[in-house]
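Report on the following structure.
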Amino acid sequence: MRYRAHSQPFLDFLGQAFYPAAIGAVVLALLLVHFTIGPAVAVFGLYALLGLLGGALVHYGFDDVTATYGFDVQANWRIDETIHRYGVYVATLLTVGVVALTGEPLAILGGLVVGYTLLVSQLFADPSPGRVLPQLTALFMLSPITKYLTAGQYIGHGDLLFHTRVVEDLMAGESLQAIAYASYFDFPGLHIVASTIASLSGLGPYDGIMLTGLAVYAVVLPAVYLVVVRVTDHPMLALWTAVGIAVLDDLSFYASYVFPQSLALAMVLVLALLGTLVTRDAIKWRATAAFLVLAVALSMTHHLTQLLVLPVVGLGLVLYAARGREYIVSTLRSRQLPLLCVAVGLSAIRLYRTGFLDRVLARVGPLLTGGLRGGYTRSATFGFGRPAESQSVAGAVDWLLSPYALYLIVLLLVFSIGVVAFLRATDRPAAQTALFGCGALGALLIFETPLSIQSLIRIRSPWLFVFAFVVGVGLLQMKRYVEPGRRSSVLLALVVVLAVTAPMVTADNYYDLDPRPTAQSSFTDQEVAELQALSGYVASSERSVGTFWLTGKVLQRYDAGDRHNALIQNERVVLPAGPFVYRSAWTGKKVHFTADQGDALYSNSLFLTAAWLDQRVQATNKVYSVGDTGIMWAPTDRPF
């Protein structure tokens, strides 16, 4: 009580000053970026200013700023819940049918708009979590299902090719000894699950992996709800947190991009749920046993996830214990702390014995020397027939008018409302404060900034769950604004826009809505056939070939011999002597490649036009072609 009495006036002041201070800080930051980095980057950053201005308009336009804030919100919106509920399921099923029959990914858009309009209308009324969560899950899974049905082969960021090969070897060899790659021999969790699903379903390795993602992520939203309701004892806040998860683009991406970390992330969530259940005497031993089994499985599924989760858990414990001595004592006496220590110990032993900790330490030096805008490695960017990756103001404006910017603007709008509502709340229990503090800090990793951090989407993944809590607070606060006769349709539209755009603007750019060139994230059936034929030719020639990163992954997947990298010499891309694989699919895309320059340079990229590539292929000795893929050859090193 003493803590609350002393902190309430200060936090209430922070809540009142948030929008003026945040908007002023963003304006100053944009001016600094404009003069130090460039005007194009400043234009990209305008989404932050627009998001905060939108949040301020909603806050001051709909809210009585002298009102008492809390999380027990009374519904002032009335609908026919039955019609809306069945409408969501009908829209979902029809959308899946249309997508399956037409093969058109963008057909999902109509189903998302109709479905989320009906669902948000229920959420703004007086919903039953048990009825709403299945609807929310169905809509959340629409995009992953669409990618599975419409892609000849979905590859995400490329390494799905590699994991498909591992599952294939495991199914053929029927033993872990069949896994030829040491890293995944030590961490075979995903591959065991995917091969089991593939065997039981009678489908192939690729289908086994994709179905694993669909099955696992179908339980994520209910699990989030159960964890938050157990931690906060607030069903509506838990329900809106689950909605906050559903509107995060990264989680939608992970449901399709099935690799060990995406599975491990869901396993961590289920561990958290089991941890909350050990307090119930009737099931404490069963929950404990399930926790220990899953902890062992997690330690054999992925390596990096456990290290990434620790800062979130550690910060949450610190914020909880900071409320006073009684909270420190309750933490030390809790049943969850020994389980947490066991899980951490299992993972630490596993990481040490497999040598992963040594690999992490080896990355620390490059991470520090790479600089804030350089990632953990040095890299280079090239353009052929067109400028390198555009940093023009016109390109930035195109992005600012795209769905990608719209999503970030509305997400920041809702997040900022959540920040203000929590700071001004009259009651902030310790558990909710810990979730809020972690989520507010995690926002620094989730919102776009000029900082370039390699593999940021993987680093920030554990922060998504606590970030969603703050988003959920914002959404719940927007529900409080809804009253008959007011401009409630604007609020409903904002939430629908957020929910609809989230799966459309994922990092794979599957729906081709990002005006910037991005890496290829799927192959058509024709491309798969061409790449298989190419791999067969390369394997039969028994010669090492040069290639760029993604094509190299394809050759590795089909075990098509040795591959070598390009070179970077005198600020030029140089191809080594001998055969080099090219693909017409590179045009209009961002092509990643690893180059040799004394040491390996990772995360390089190039951009080229169709005219330039055609001219380049015609001017060289082409020794093999199949469709839009081929091999050109030269006896000596030559510039690309």
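The sequence shown begins at 2 in the numbering used here and counts up one residue at a time. Note that CB positions come from ideal geometry on N, CA and C, so glycine has one too. Since the structure is predicted, the reported quantities are computational estimates derived from the model, not experimental observations.
In the DSSP assignment, the residues bridged to F581 are G547, M633.
Assigned with DSSP and collapsed to three states, P640 falls in strand.
Annotation for V467: V313, L436, C439, G440, G443 place their beta carbon closer than 7 Å to its own, counting only its chain and skipping 5 residues before and after. Ranking G157, A49, L15, G111 by CA distance to the CA of S523 puts G157 first. In this structure, DSSP gives Q455 a state outside helix and strand, which the three-state scheme calls coil. Of L347, V398, L308, L320, the smallest CA-CA separation from R360 is found for L308. Here E105 is exposed: its Cβ has fewer than 16 other Cβ atoms, across all protein chains shown, within 10 Å.
Nearest C-alpha to V59 among F416, T118, R459: F416. When DSSP assignments are scanned along the segment 479–561, the uninterrupted stretches of alpha helix (DSSP H) that are 4 or more residues long and fall wholly within it turn out to be 489–505, 526–542, 550–558. Per DSSP, the unbroken beta strand (DSSP E) holding G384 starts and ends at 382–385. Per the DSSP secondary-structure output, I569 pairs in a beta bridge with V574. Under a 10 Å Cβ-count criterion, Q527 is classified as exposed, with fewer than 16 other Cβ atoms of the shown protein chains found around its own Cβ.
In terms of Cβ geometry, A288 and L278 form a close pair [threshold 8 Å]. For Q392, the three-state secondary structure derived from DSSP is coil. Following the DSSP letters along the chain, one finds V279 in no beta strand (DSSP E), marked with neither H nor E. If the five residues before and after F292 are omitted, its C-beta is found closer than 8 Å to the C-beta atoms of L272, L275, G276, V279, L340, A344, all from its own chain and listed in chain order.
The distance from the Cβ of A534 to that of G562 is about 15 Å, inconsistent with a contact at the 8 Å cut-off. By the beta-carbon neighbour count (other beta carbons within 10 angstroms, threshold 16), A397 is buried. The closest CA to that of L212, considering only A22, Y255, A179, is found on Y255. DSSP, reduced to helix, strand and coil, places T595 within a strand of the structure shown. Taking C-beta atoms as the reference points, A108 and V99 count as a pair closer than 8 Å.
Cβ contact annotation for W241 (same chain, cutoff 7 Å, sequence separation greater than five): G473, L476, L477, in chain order. Of the other Cβ atoms in all chains shown, fewer than 16 fall within 10 Å of the Cβ of V319; this residue is therefore exposed. With 16 or more neighbouring CB atoms inside 10 Å of its own CB, Q123 falls in the buried class.
The segment 188–197 makes no contact with the segment 137–149, as fewer than three CB pairs between them are under 8 Å. With a threshold of 16 other beta carbon atoms within 10 Å, G159 meets it and is buried.
Counting C-beta pairs with one atom in each stretch, the segment 181–191 and the segment 228–236 have fewer than three that are closer than 8 Å, which means they do not touch. For the options P40, Y48, D251, the alpha carbon positioned closest to that of S144 is the one of D251. Beta-bridge partners assigned by DSSP to F608: G384. For L270 and L140, the gap between their C-alpha atoms comes out near 20 Å.
Following the DSSP letters along the chain, one finds K148 inside the alpha helix (DSSP H) bounded by residues 143–151. Sorting I246, T355, I210, L413 by C-alpha distance to the C-alpha of W464 places I246 at the top. Bridge pairing for V221: absent [DSSP].
Within the same chain, Cβ atoms closer than 6 Å to the Cβ of P640 are found at R573, V575, the five residues on either side in sequence being excluded.
Under the three-state reduction of DSSP output, R564 falls in the strand class. Between A578 and D638, the beta carbon gap of about 5 Å places them in contact (Cβ cut-off 8 Å).
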